[in-house]
Structure formats: structure tokens, C-alpha cells
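Below is one structure, written out as C-alpha cells, with a few remarks after it.
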Amino acid sequence: MAKILIVDDEARILMLLQSLLKANNYEADTAKSGPEALEMLKADSSFDIVITDLRMAPMDGMTLFHEIKKFNSQIPVILLTAYASVETAIDAMKNGAFDYMTKPFKVDEMMETLKRAEEYIQNKGGGAVTNASQPLRYHFENLIASNKSMQAVCEMIERVAPTSATVLINGESGTGKEVIARSIHKASPRRDRPWVAVNCAALPEHLLESEMFGHIRGSFTGANNDKTGLFEAADNGTLFLDEISSLPLLLQGKLLRVLQEKEIRRVGDNKSIPINVRVIAASNTNLEDMVMQGNFRADLYYRFAVITLDIPPLRERIEDIIPLAKHFIRKECQNNHTEIEEPVLTKEAATILMNYQWPGNVRELENAVKHAITFLQGESITPELLPPRILQRTREIRATQPDVTAQESGENVSLKGFLKAKEKEYLEEILSSTNGNKEKAAETLKVSLATLYRKLADDPDDLGDSVKSD
Ligand SMILES: Nc1ncnc2c1ncn2[C@@H]1O[C@H](COP(=O)(O)OP(=O)(O)OP(=O)(O)O)[C@@H](O)[C@H]1O
Ligand SMILES: [Mg+2]
């Protein structure tokens with residue numbers, strides 16, 4: 002059983018929690034303040050989990066949490082908070098706190114959270130880590146995630162998958178919210194049970210309710226038979242509520258009740274049916290704003306916001322672009338019934354992909370690859386096979402770059418043009434010293450890979466002559 006350190010400035014809470022944990026066979030020690038807790042943790046590395054109150058003096062729980070993370074980034078920290086500071090706790094979760102519980106907490110909930118923390122400790126360093134030199138810690142089937150933030154998302158997937166906690170996935174359209182929701186399902190003990198997805202924006206209110214909860218015969222005009230709802234269909238599995246922001250207020254209330262009471266009532270029925278469903282929601286609008294405007298229930302929002310995954314847009318995770326493109330090339334070739342060899346992505350095409358802004362995110366990239374493969378003739382994907390929109394945008398960017406060729410023709414050049422030409426020379430020098438390895442070059446130049454690619458794209462030769470007008 003895990004060894005737990007409880008931190009609170011109220012002696013009564015310390016005693017209560019300690020006896021509760023001991024009654025449940027945990028080893029539990031107490032600290033009356035943040036500094037005392039830090040001393041104990043530094044002196045004894047056998048503590049597995051920390052439970053701390055948020056509001057304490059002289060050191061509050063949030064500071065304690067950050068201090069602990071400085072010397073032990075792995076230990077799960079659970080925060081205890083009054084309702085008023087839930088937002089601080091959510092922030093802490095985003096920064097790596099394991100979970101938070103509002104006071105007064107339910108014994109079952111506390112035990113469930115501790116069980117999850119124990120599972121996390123056991124899994125940590127287990128199967129997910131492939132080998133020490135492997136930079137990617139996490140791997141989920143069909144989920145490409147090379148970027149750091151995406152690796153953090155994967156870590157969260159791993160942490161929440163064993164539980165039945167509700168999860169909210171935020172992200173622009175096409176960022177991969179549904180793939181991530183599916184990954185949670187597939188990594189969870191529910192993986193062999195149903196996965197049911199419903200798009201809340203796709204149905205009118207009256208249909209949505211009967212779609213979600215079912216109805217009984219005669220409950221409204223056209224209800225000729227009893228109907229099972231999606232919640233029942235997803236029993237013991239996972240229900241994915243896409244575009245949750247489109248859920249009408251009335252249904253938000255009903256959903257909250259279902260989540261709290263774990264039972265549903267079909268439209269027109271007066272008896273309840275118990276259900277065991279894990280709910281994952283996705284949204285591409287800011288729900289917090291909607292709460293402020295009164296268009297989304299705060300209580301439902303908090304229910305979901307406990308575990309939030311923010312998926313960055315593709316333009317902010319440039320390291321994912323080429324691995325994703327290669328993944329889609331492979332996928333497209335496998336799906337294509339005509340037997341085509343897997344084409345290679347040329348350097349020129351790759352540079353264009355890396356420099357494009359991807360307003361449609363991963364979905365747009367997937368479509369770009371499909372487009373290229375449809376028109377493929379040779380063995381490689383060259384720039385002209387990419388969708389016209391992407392080429393057009395690339396040309397527009399190039400057209401706004403300063404003209405440095407004037408220097409070669411002996412005309413006077415602006416200082417900016419001159420510096421650009423020098424910069425180019427230097428970039429080339431470093432690149433040749435790293436044998437063309439852009440990651441190493443970026444490291445030497447102390448710029449991000451994204452910046453390096455942007456600077457290289459400024460170089461007309463790097464885009465190749467193959468970028469033709471359509
Ligand atoms: N990280 C990823 N690895 C592999 N494929 C991905 C990844 N992210 C997205 N995709 C693919 O991109 C496409 C779009 O992803 P998905 O449908 O999950 O996006 P979404 O965020 O739900 O979009 P929307 O908001 O429009 O519903 C899908 O075909 C999905 O398989
Ligand atoms: Mg989606």
C-alpha cells in the first residue's frame with residue numbers, strides 16, 4: 002500500500018484524514034505546514050503520494066506543490082480545496098497536479114482518487130517507455146505526437162485512461178480531438194465495450210434528447226416504438242459528446258443529472274435506468290466564455306473542466322507535420338486498393354508543408370496528402386502535387402520577402418536585404434557542418450526548428466523550381 006503525506010494547517014482535518022487512510026490500510030503521515038512537509042519529503046524519499054490543502058499559511062498549497070515539483074516531478078500531488086478556489090486547482094492540474102478534491106469530500110471519491118494515483122505510480126516507467134534513447138515517451142496507435150505539448154497530452158491520456166472521469170478536449174477544428182478521445186477509450190479498461198460518438202451540433206433539440214436518452218412509445222408524435230438512447234447503447238463503454246457547446250441549456254441540465262446520478266430516464270418514461278458510461282466531451286469554442294455569457298451551465302462546465310486536454314493547433318507543433326504527413330502517406334497507400342508503392346516526400350514538398358499555417362489543422366494536412374497521392378505519377382511527392390491553395394499561400398509569402406538578388410547584380414541593397422543574404426550564407430554554413438541535420442543546426446543556432454524552417458523557406462532555392470503556377 003502507498004505511503005501518503007497529508008498536509009493541512011487544521012489539526013482536525015489531519016486527524017480525520019489520517020485515520021481514514023489508515024482504516025483503508027494506507028500508511029499515512031501528517032505535516033502541519035508547507036515547510037514541514039518539504040522537510041519531511043526531502044528527508045524521506047519513500048512517500049508515494051501527497052495530499053495537501055490549498056489554503057494554508059505561511060506557505061499555500063499551490064506554492065508547496067511547485068516546491069515539491071522542483072525536486073520530485075513524479076510524485077502525485079492531490080489538492081484539497083473549497084469550492085471557491087476550484088479554478089486555482091484546475092490551473093494546478095494543468096501544471097501537473099494529479100487531481101483535486103473539493104471539501105467536504107466523499108470518502109469513496111477520495112479512495113477512488115488514491116487508487117488512481119497508485120495505478121499511475123505503478124504504470125509510470127512501465128510499458129509506455131520504449132527505451133532510454135527514444136525521445137517519445139508515449140505511443141498510442143494511430144496517434145502521432147512528436148511535439149512536446151502533444152507528449153504532455155499523451156501523458157494525460159495515460160493518466161486518465163484507467164479512470165472513469167469525465168474529460169473535456171479543447172481544440173480548433175481538425176486538431177484531432179476525436180482521435181484523442183478514442184485513444185483514451187482504447188487505453189481504458191472499457192476498450193472492448195462500446196464506443197459511441199454523438200455530434201451535439203448535428204441534431205435539433207427535441208431529437209437530441211431522445212437520441213441521447215431514448216424514448217418510450219407514444220411519448221411524442223412520431224414515437225411509434227420504444228427507442229434506446231445513446232447512453233444506453235454506450236453502457237459500460239465510452240460516450241463521446243462532440244461539440245458540447247451546442248448542447249441546449251435544458252439538455253445541459255439533464256446531462257448534469259445523468260453524470261451525477263449515473264442513471265437515465267427515457268423521454269416519456271417515469272422510471273430510471275442505471276447506466277455506467279464514461280463521458281468525454283469535445284469543444285472548439287471557449288466554454289469558459291460561454292459560461293460567462295450564460296450560455297453554458299457553470300456546474301456542468303466544472304464537472305468537465307476537472308480534466309481538460311488542450312490540443313494545440315498544428316501550426317504550433319511543427320515537429321508533428323512531417324511525421325503526420327508520412328503517417329497519412331502510409332495510411333492512404335494501405336487504403337488504396339490499387340497497389341501503389343509508398344511514395345517518398347521530397348525535401349521541397351516537406352519544406353512547403355512545414356511552412357504552411359494549416360488553418361484546417363491535421364484534417365487539412367490529411368487532405369493535402371490524399372490530394373498528392375491522387376495525382377501521383379512518379380515515386381515521389383513533389384510540390385506541384387500539393388493542393389493549389391497551399392502552393393498559392395506559399396508563393397504569396399515568398400512574394401513579400403525582400404529581394405536579395407539585387408546584390409548580385411551590383412545594385413544598391415537595403416540593409417535588411419544585405420543582412421538577409423548574410424544570414425542565408427551563415428545558415429548554409431551551419432547546415433553543411435551538421436550534414437544537413439536541421440534539428441542540430443537549429444540547436445547550434447539557438448533558434449527553434451520552426452524559425453529555422455521559416456528562414457530556409459525565405460530561400461527561393463529551397464522551395465525548388467517545381468512550385469509552378471496552377
Ligand atoms: N495526432 C494525430 N495522429 C494521427 N492522425 C490524426 C491526429 N490528429 C488528427 N488526426 C486525423 O486527422 C483527422 C481529423 O481529426 P479529428 O476528427 O479527430 O479532429 P477534430 O478535432 O475532432 O475535428 P473537428 O473539430 O472538425 O471535429 C482524422 O482523420 C484523424 O484521424
Ligand atoms: Mg471532431
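Counted the way the numbering used here counts, the sequence shown spans residues 2 to 471.
From the three backbone atoms N, C-alpha and C, an ideal C-beta is built for every residue, glycine too.
Here the structure is a predicted model, which means the values were calculated and not measured.
Near ligand 1: residue i beta-carbon under 8 angstroms from a heavy atom
i, result
"Met-151", "yes"
"Ala-373", "no"
"Asn-362", "yes"
"Ile-281", "no"
"Asp-311", "no"
"Asn-239", "A small correction: the amino acid at residue 239 is Thr; Asn does not occupy that position in the sequence shown. No - ligand 1 has no heavy atom lying nearer than 8 angstroms to the Cβ of Thr-239."
"Ser-174", "yes"
"Ala-146", "yes"
"His-186", "no"
"Glu-367", "yes"
"Asp-321", "yes"
"Leu-169", "no"
"Asn-285", "yes"
"Ile-181", "yes"
"Leu-288", "no"
"Asn-438", "no"
"Asn-336", "no"
"Leu-446", "no"
"Asn-143", "yes"
"Leu-325", "yes"
"His-216", "no"
"His-328", "yes"
Inter-residue CB distance, residue i and residue j (contact presumed, cutoff 8 angstroms)
i, j, result
"Tyr-454", "Met-355", "5 angstroms"
"Pro-275", "Ala-235", "13 angstroms between Cβ atoms; not a contact."
"Tyr-101", "Ile-79", "7 angstroms"
"Leu-55", "Ala-90", "7 angstroms"
"Ile-181", "Ile-158", "7 angstroms"
"Ser-165", "Arg-279", "5 angstroms"
"Val-259", "Leu-231", "Contact flag wrong, Cβ pair sits at about 11 angstroms."
Inter-residue spacing [alpha-carbon to alpha-carbon] between residue i and residue j
i, j, result
"Glu-173", "Asn-362", "8 angstroms"
"Ile-170", "Met-213", "20 angstroms"
"Glu-119", "Met-112", "10 angstroms"
"Asn-143", "Phe-329", "10 angstroms"
"Lys-228", "Thr-82", "42 angstroms"
"Thr-452", "Ser-20", "56 angstroms"
"Lys-187", "Leu-420", "52 angstroms"
"Leu-457", "Glu-156", "33 angstroms"
"Glu-11", "Gln-261", "30 angstroms"
"Ala-369", "Lys-425", "29 angstroms"
"Ile-322", "Ser-147", "9 angstroms"
"Ser-34", "Glu-440", "45 angstroms"
"Thr-401", "Tyr-357", "15 angstroms"
"Phe-297", "Lys-255", "13 angstroms"
"Ala-299", "Val-292", "6 angstroms"
"Thr-286", "Arg-13", "43 angstroms"
"Gln-152", "Glu-317", "14 angstroms"
"Asp-109", "Leu-377", "59 angstroms"
"Glu-430", "Glu-343", "33 angstroms"
"Asn-336", "Glu-367", "13 angstroms"
"Gln-294", "Lys-263", "28 angstroms"
"Ala-351", "Leu-325", "11 angstroms"
"Arg-266", "Thr-114", "29 angstroms"
Sequence-distant residues of the same chain with beta carbon closer than 8 angstroms to residue i, five excluded per side
i, result
"Pro-314", "Gly-172, Glu-173, Thr-176, Trp-359, Asn-362"
"Val-161", "Val-168, Ile-185, Ile-308"
"Ser-433", "none"
"Ile-327", "In the sequence as presented, Ile is not what sits at residue 327; that position holds Lys. Once the five neighbours on either side are set aside, the close Cβ partners of Lys-327 are Leu-346."
"Arg-192", "His-186"
"Ala-224", "Ser-211, His-216, Ile-217, Arg-218, Val-268, Gly-269"
"Thr-239", "Ala-182, Ile-185, His-186, Ser-189, Arg-191, Arg-194, Pro-195, Trp-196, Val-197, Val-278, Arg-279, Val-280, Ile-281"
Chain-order list of residues whose beta-carbon lies under 7 angstroms from that of residue i (same chain, five-residue window excluded)
i, result
"Cys-201", "Leu-209, Leu-242, Asp-243, Glu-244, Ile-245, Ser-247, Leu-248"
"Lys-178", "Ile-170, Gly-172, Ala-283, Ile-312"
"Met-16", "none"
"Glu-320", "Ser-147, Asn-148, Leu-450"
"Leu-6", "Asp-30, Ala-32, Ala-38, Met-41, Leu-42, Phe-48, Val-51"
"Ala-133", "Any reading at Ala-133 needs caution, since the residue's pLDDT is 30, under 50, leaving its predicted position unreliable; the model's value is listed next. No residues qualify anywhere along the chain."
"Phe-305", "Thr-167, Leu-169, Ala-282"
"Glu-333", "Val-370, Lys-371, Ile-374"
"Asn-25", "Met-112"
Cβ shell of residue i (< 6 angstroms), same chain only, five flanking positions each side left out
i, result
"Thr-131", "Below a pLDDT of 50, predicted positions are generally treated as unreliable, and Thr-131, at 29, falls in that range; the measurement from the model is reported next regardless. Nothing listed; no residue qualifies."
"Pro-136", "A caution first: Pro-136 carries a pLDDT of 38, below 50, which makes its placement in the model unreliable, though a value can still be read off. No residues qualify anywhere along the chain."
"Lys-104", "Leu-81, Ala-83"
"Glu-397", "none"
Proximity test, Cβ basis, 9 angstroms: residue i and chain B
i, result
"Ser-47", "As a matter of chain content, chain B is missing from the structure shown, which is built from one protein chain."
Inset, instruction - Under 7 angstroms from any heavy atom of ligand 2, by CB: list those residues in chain order, please. - result: Per the CB criterion, closer than 7 angstroms to any heavy atom of ligand 2, the qualifying residues run in chain order as Lys-178, Glu-179, Asp-243, Ala-283.
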